[in-house]
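*Asks:* Chains as they are written, first to last, in my numbering: chain G, 1 to 361; chain U, 362 to 643. Ideal Cβ placement from N, Cα and C applies to all residues, glycine included. Please read these numbers as outputs of a predicted model, since none were measured by experiment. Pasting a structure here, questions to come.
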Amino acid sequence: MASVTLSDVGKIYPGGVEAVKSIDLEIADGSLCVLVGPSGCGKSTLLRMVAGLETVTGGTVSIDGAPVNDREPAERDIAMVFQNYALYPHMSVYDNMAYGLRNRGTAKPEIDRKVREAARLLAIEPMLQRKPRQLSGGQRQRVAMGRAIVRDPKVFLFDEPLSNLDAKLRVQMRIELKRLQQRLGTTSIYVTHDQLEAMTLADLLVVMNGGEIEQIGTAMEVYERPQTTFVASFIGSPPMNLVPAAVADGVLRLTDSAAQVTLPADRRGLSGAVIVGVRPEDLRIDGGSETGGAETLAFPVTVTGVEPIGAESLLHSQTESGADVTVRLPGYAVHAAGAAMTLAAPAGKLHLFSADTGRRL
Amino acid sequence: MVERRPFLTVLTHLTLILGVAFVALPVWIAFVASTHGAHDFISGLMPLWPGDQMVKNYWQVLSQGESTAGAPPIGLMLFNSSVMALGIAVGKIAVSLLSAFAIVYFRFPFRIAAFWVIFLTLMLPVEVRILPTFEVAASLGLLNSYSGLILPLIASATATFLFRQVFLTIPEELAEASRIDGAGPMKFFRDILIPLSRTNIAALFVILFIYGWNQYLWPLLVTTDASHYTAVMGIQRMVAVPDSEPLWHLIMATAILAMLPPVLVILVMQRLFVRGLIEQEK
Chain G
1 MASVTLSDVG KIYPGGVEAV KSIDLEIADG SLCVLVGPSG CGKSTLLRMV
51 AGLETVTGGT VSIDGAPVND REPAERDIAM VFQNYALYPH MSVYDNMAYG
101 LRNRGTAKPE IDRKVREAAR LLAIEPMLQR KPRQLSGGQR QRVAMGRAIV
151 RDPKVFLFDE PLSNLDAKLR VQMRIELKRL QQRLGTTSIY VTHDQLEAMT
201 LADLLVVMNG GEIEQIGTAM EVYERPQTTF VASFIGSPPM NLVPAAVADG
251 VLRLTDSAAQ VTLPADRRGL SGAVIVGVRP EDLRIDGGSE TGGAETLAFP
301 VTVTGVEPIG AESLLHSQTE SGADVTVRLP GYAVHAAGAA MTLAAPAGKL
351 HLFSADTGRR L
Chain U
362 MVERRPFLTV LTHLTLILGV AFVALPVWIA FVASTHGAHD FISGLMPLWP
412 GDQMVKNYWQ VLSQGESTAG APPIGLMLFN SSVMALGIAV GKIAVSLLSA
462 FAIVYFRFPF RIAAFWVIFL TLMLPVEVRI LPTFEVAASL GLLNSYSGLI
512 LPLIASATAT FLFRQVFLTI PEELAEASRI DGAGPMKFFR DILIPLSRTN
562 IAALFVILFI YGWNQYLWPL LVTTDASHYT AVMGIQRMVA VPDSEPLWHL
612 IMATAILAML PPVLVILVMQ RLFVRGLIEQ EK
């Protein structure tokens, strides 16, 4: 049990590439922190710095209050689950799990007890004598977790552990992993590029981009109040629609359009160019009357396509200024491509971002 | 490629049979020759079927050798060859495993340069550097000794390169996982790398054993005492007799016996050997 503290942590590779820029992050004891971002955003590098597989070129990584920058991975009391599992192919499942304990000089009966306990927890008891190549992907995944669990570490590190599984198994393992983490109560850092996985797992969601943290918060905080346009477009599937607009005298007007709406009282102080964001589920098709009204933003679009996905349909369209807008419609919706229609969103559901900095206003 | 044409099947089998005959015929002739008496060859005609002198010939080669030609009994020579071949094979593998390990897994100055220097020695086999190598071996007092037979041949760029390629196919995460599991570099080398390169080691062992067994020029130079003669040298000595006909029946018996240990090594390690050459999965 331990907290993990990153203060001013940075990583500059020998070639001069700055992969991680001055990260401050506090992960509370027992919580599951998910680092999410597009590939190359520095999330894996950050995780590997916590693991000790990458040297830290700036700042301090602390586990349980103690700086660990100069400690070997084995001395940090962490365990890591790799994307490709990194099981030792020539060792049995049992030996794979026992290897770390043997290296630590743990007594044999103790190793045996721990390995069997972890195997029971993960339901891989019948496979203890098999080699990794005789296991399915999901089973290998469990062994990799087992290898982490037996060490009883202060921190679990997961590096995209589910991305090699097929979609169905991934969902199942995601639920199991969350349950296991809560049961063991071990502080965990989880890296993924899958925003859905991130949302469902995270106690603390950290969205990263370009080596920097864009936003930290609970999954719902991040979803409901994205702090930047990057977070808005990264979290949520389909992502938030972003349309350029301008504000003057408390009235928001879409670029190249007559559509406008009066902003709520607390936002009237704004002015200048903005980007207005609206979630696909907050939009609806306006039934003919193009009276935008004071409380609703109504704007004309051209349909570009419809994707029925079962319980709902995604309607893709384009505004007059050329911005793509996706609408989430319940059930099976039929609209011909090229049809013109009006979309409406309540003023209270609009997210406003600065057109210059992309920050939330 | 699967083709259902009887003509092709016949053709491929014919080709195979021809190939086998081409390779096996000399061996058969050697065996036949080793079973005849000394006088059967004087006519100049080679008999094609085994004679009745087999036991006598082999017994003579094994017990006395051919003293007139200065060849000791073959037992000793086979032993010498085995020591040399084993020493070269084991030594080469040990040295190149370690150097490949250093090149692949450690970051040190001039790492790439070191690799290319090793690689360049491919252009300098024993035959090219034989005089300086002899000079060094002689001044180190290695003449007429097993170390003299083995050590100058022990460095191998080929094997280093092969192990480098093998190590490069082993996922980096394995090294990282073992680091997290608390294994130091040598423990990782012993517990992970060597077991994973097992089949490659076996394949290389077979090739290097035969390479060592077939060494001719170097043993000829470095040994002057009959107690350190190798089998291949012994055969050469028996052929190059002064003032008399070579005793072909004894030479061929020796040759057949000298062929057996490499064959044995291949038979024993065949499965690992083939897997080591074709298996890519890690």
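If we define contact as Cβ-Cβ less than 7 angstroms, is residue 80 of chain G a contact residue for chain U?
*Replies:* Yes, because at least one Cβ of chain U sits closer than 7 angstroms to the Cβ of residue 80 of chain G.
*Asks:* State the CB to CB distance for the pair residue 214 of chain G and residue 207 of chain G, rounded to an integer number of angstroms; the pair is presumed to be in contact (CB under 8 angstroms).
*Replies:* Yes, residue 214 of chain G and residue 207 of chain G are in contact; Cβ-Cβ is about 5 angstroms, under 8 angstroms.
*Asks:* When the cut-off is 7 angstroms and only beta carbons count, does residue 96 of chain G lie next to chain U?
*Replies:* By this cut-off, residue 96 of chain G is not an interface position.
*Asks:* Give the secondary structure of residue 433 of chain U by DSSP, where H, G and I count as helix, E and B as strand, and everything else as coil.
*Replies:* Here residue 433 of chain U sits in coil by DSSP.
*Asks:* Which residues in chain U sit within 7 angstroms of residue 164 of chain G, going by Cβ to Cβ distance?
*Replies:* Ordered by position in chain U, no residue passes the 7 angstroms Cβ test against residue 164 of chain G, which lies about 12 angstroms from the chain.
*Asks:* Does DSSP put residue 168 of chain G in a helix, a strand or coil?
*Replies:* Helix, per DSSP.
*Asks:* Find the residues of chain U that neighbour residue 86 of chain G, judging by a C-beta separation of less than 8 angstroms, and give them in chain order.
*Replies:* In chain order: 532, 534, 535, 537 and 538.
*Asks:* In whole angstroms, give me the CA-to-CA distance for residue 576 of chain U and residue 559 of chain U.
*Replies:* One C-alpha to the other measures close to 25 angstroms.
*Asks:* Is residue 583 of chain U near residue 498 of chain U, with beta carbons less than 7 angstroms apart?
*Replies:* Yes, the Cβ-Cβ distance between residue 583 of chain U and residue 498 of chain U is below 7 angstroms.
*Asks:* Using a Cβ-Cβ cut-off of 6 angstroms (strictly less than) and excluding sequence neighbours within five positions of residue 136 of chain G, which residues of its own chain qualify?
*Replies:* Around residue 136 of chain G: no qualifying Cβ.
*Asks:* Spatial neighbours of residue 42 of chain G within its chain, please: C-beta separation below 7 angstroms, excluding the five flanking residues on both sides.
*Replies:* Counting only Cβ-Cβ distances below 7 angstroms, and skipping sequence neighbours, we find 19, 20, 208 and 211.
*Asks:* For residue 501 of chain U, does the three-state DSSP call read helix, strand or coil?
*Replies:* Three-state result, residue 501 of chain U: coil.
*Asks:* Please classify residue 184 of chain G: does DSSP put it in a helix, a strand, or coil?
*Replies:* Helix.
*Asks:* Let me confirm a value: residue 518 of chain U is counted as buried when at least 16 other C-beta atoms fall within 10 Å, else exposed. Which label applies?
*Replies:* Buried.
*Asks:* Is residue 450 of chain U near the ligand GDP, going by C-beta to nearest heavy atom under 6 angstroms?
*Replies:* Ligands are entirely absent from the displayed structure, and the ligand GDP is therefore not among its contents.
*Asks:* Can you name the residues of chain G whose CB is closer than 7 angstroms to the CB of residue 557 of chain U?
*Replies:* Result: 89 and 90.
*Asks:* Taking Cβ positions, are residue 614 of chain U and residue 422 of chain U nearer each other than 7 angstroms?
*Replies:* Their beta carbons are under 7 angstroms apart, which means residue 614 of chain U touches residue 422 of chain U by this criterion.
*Asks:* For residue 563 of chain U, go through chain G and note every residue whose CB falls closer than 7 angstroms to its CB, in chain order.
*Replies:* Correct list: empty, because the minimum Cβ distance to chain G is about 14 angstroms.
*Asks:* Closest Cβ-Cβ distance between residue 544 of chain U and chain G: below 7 angstroms?
*Replies:* Yes, because at least one Cβ of chain G sits closer than 7 angstroms to the Cβ of residue 544 of chain U.
*Asks:* Could you tell me the distance, in whole angstroms, from the CA atom of residue 23 of chain G to the CA atom of residue 47 of chain G?
*Replies:* In a straight line, the C-alpha of residue 23 of chain G is about 12 angstroms away from that of residue 47 of chain G.
*Asks:* Check the Cβ-Cβ distances between residue 571 of chain U and every residue of chain G, and say whether any is below 7 angstroms.
*Replies:* Taking Cβ atoms only, chain G never reaches closer than 7 angstroms to residue 571 of chain U, which makes this a no.
*Asks:* Chain U beta carbons: is any one of them nearer than 7 angstroms to that of residue 11 of chain G?
*Replies:* No, its Cβ sits nowhere closer than 7 angstroms to a Cβ of chain U.
*Asks:* Hey, residue 78 of chain G and residue 161 of chain G: beta-carbon distance below 7 angstroms or not?
*Replies:* For residue 78 of chain G and residue 161 of chain G, no; Cβs fall outside 7 angstroms.
*Asks:* Look at the alpha carbon of residue 391 of chain U and the alpha carbon of residue 541 of chain U, and state the distance between them as a whole number of angstroms.
*Replies:* Rounded to whole angstroms, residue 391 of chain U to residue 541 of chain U spans 59 angstroms at the Cα level.
*Asks:* Leaving out the 5 sequence neighbours to the left and right, which residues in its chain are closer than 6 angstroms to residue 618 of chain U when beta-carbon positions are compared?
*Replies:* Once the five neighbours on either side are set aside, the close Cβ partners of residue 618 of chain U are 435.
*Asks:* Output, in chain order, the set of chain U residues within a Cβ distance shorter than 7 angstroms of residue 51 of chain G.
*Replies:* Within chain U, the residues near residue 51 of chain G are 541.
*Asks:* Under three-state DSSP, which class holds residue 572 of chain U?
*Replies:* Helix at residue 572 of chain U.
*Asks:* Distance check for residue 494 of chain U and residue 387 of chain U, CA to CA, integer angstroms please.
*Replies:* Using only the alpha carbons, I get a separation of about 35 angstroms.
*Asks:* Who are the neighbours of residue 553 of chain U on chain G, taking C-beta pairs under 7 angstroms?
*Replies:* Under the 7 angstroms cutoff, chain G gives 88.
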